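Heads up, the sequence shown is in our numbering, so the first residue is 710 and it goes up one at a time.
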Amino acid sequence: MRSAPLTLLFSAILCAIGCSDSGGDGGGQTGGAGTTGGTGGAPGGTGSATGGTGGGAPGGTSSTTGGTGGAPGGTGGGDSSTVGTGGTDAPAARTPAASARTLREAGENANPPILIGAAISGSGLNDNGYKSVAAAEHNYVTAENEMKWDALEPTPGSFSYGSADNIVNWAVQNGMQVKGHTLVWHNQLPGWASSLSGAAAVEQAIRRHIENVMGHFKDRIHTWDVVNEAVITDSDTGVGNPRMRPSVFFNALGERYLDLAFEIAREQDPDAKLYYNDYSIDALNEKADFVYEMVKGMVERGVPIDGVGFQMHIGPPNNEAGGPDVAANLRRFADLGLEVLISEMDINRCSNQVTAEEQLTYYHDIVEACFLMPECVGITFWGINDGRSWLNGWSGALCNGQSSQSLLFDDRYQKKETYNKVMDALLGR
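Given below as structure tokens:
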């Protein structure tokens, strides 16, 4: 290694005496003086909380000093969340409850609390066993299908809320929060929406749908998946040629449809939390990198985005992601000043591509990765029990009609070992 030139040594001495604490254009330099995020530090979302999970997040342990991790707080961010110091001022890890009888209790008694959610189906609410477990173990609800576009607006401008209302009202009666899922998505569209063409027609449809749906649920739903799965790769594992998905929305409006959707949603509800949601971005892969840059651009443009949902469908056909990779991805998105959450978790064992031992390890380590980060505000499991998993009947999952064995409860609503591993992670074990 070459020794440093004399001029550099002299500069270092001067810097030790009086260098500025502000990072430069790159957001600060690794290992030294830059403590305040520079131009690379993006503002937090409009819904960020003072020094809390939604505030502009200080730099995490994986970030460089004062880099993108040093994000200024959002409009609600306080002094404790305005400086990124490469981890020295990062928020402390969440403290687990001393004990808990249910996942819900473990989440509610953690400090800070973390939401424990489940995807709920309308048909499931006709089953007393299903309802009992769902309410006891969870305090956060996502409608599995009943709030998607084809369910809510089957014909242009004509809305049908009955099934969604049943789920939302049941959740509210049981003291559970609800996340609206999903406002703009390429899939499960009614035929009339799929066949739209022209920027004006598509923008009108987006605006009408968001305004009506958010308006209907405004007093009961305060968090929304605004845009879902806008990015595609050659493989569902998140590898190969990441790009914007050629949906009816992108084809008509280009990438600006994302900004438009979030802006309309913010106009409709200034206080709601607004999320982007996607699959196979949990591992460190090309899709995760693409979505990170996409979301970073949105934040830098001032788009009112508050968080990112990592679906966490692990196993075929999607990626497999271990705890360290998940932790690294959650951290870099949180360092943009955003909330992060696990939004649709299941780990399937179809075609034996994930072994029973690997499944248990994934469940523990991934939940732990989220739990240890105060900016990770919730964990939602995509269903209650194995027998009702959507994966059982989806050919893409390679289950071939067999049980995906993907969730925390068996068909008799008995706790599985997967449940125990999740509980261990929530209790710091």
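Just so you know, even glycine gets a beta-carbon here, dropped at the ideal spot from N, CA and C. It should be emphasised that the depicted structure is a prediction, and the values quoted were computed from it without experimental measurement.
- Counting only residues of its own chain and dropping the five nearest sequence neighbours on each side, S989 has a CB closer than 7 Å to the CB of D945, T946, G947, K996, N1027, N1028.
- Residue environment analysis places A815 among the buried positions, since at least 16 neighbouring C-beta atoms fall within 10 angstroms of its C-beta.
- By the criterion of a C-beta distance shorter than 7 Å, Y1072 is surrounded in its chain by I1056, T1127, K1130, V1131, once the five residues flanking it on both sides are discounted.
- Bounds of the alpha helix (DSSP H) holding A843 are 837-846.
- Proximity to L1116 across N1109, C1108, W1091, G1110 peaks at W1091, based on C-alpha coordinates.
- Residue environment: Q882 is assigned as exposed (fewer than 16 neighbouring CB atoms within 10 Å of its CB, all protein chains considered).
- N1094 sits in a strand when the DSSP states are folded into three classes.
- About 5 Å separates the beta carbon of R803 from that of A819, a gap short enough to meet the 8 Å contact definition.
- With 16 or more other Cβ atoms inside 10 Å of its own Cβ, G1087 counts as buried.
- Taking all protein chains shown into account, G826 has 16 or more neighbouring C-beta atoms within 10 Å of its C-beta and is therefore buried.
- Every beta strand (DSSP E) stretch that sits fully inside the region 916-977 and reaches 3 residues is listed by chain position as 932-937.
- Between the region 1018-1025 and the region 1058-1077, the count of C-beta pairs closer than 8 Å reaches three or more; the two stretches touch.
- In this structure the region 902-921 does not lie against the region 837-851, because fewer than three pairs of beta carbons, one per stretch, are closer than 8 Å.
- At a Cβ-Cβ threshold of 8 Å, D859 and P899 count as neighbours.
- Within its own chain, the residues whose Cβ lies closer than 6 Å to the Cβ of M923, once the five positions on either side in sequence are excluded, are Q977, D978, listed in chain order.
- For G1018, the three-state secondary structure derived from DSSP is strand.
- Using a 10 angstroms sphere on the CB of P1033, the tally of other CB atoms stays under 16, which defines it as exposed.
- Between L824 and A880, the alpha-carbon positions lie close to 14 Å from each other.
- Our two residues, N950 and N878, have alpha carbons roughly 42 Å apart in a direct line.
- Between the alpha carbons of I973 and R1040 lies a distance of about 28 Å.
- The alpha-carbon of E817 is positioned some 23 Å away from that of E853.
- Beta-bridge pairing by DSSP links S867 to T864.
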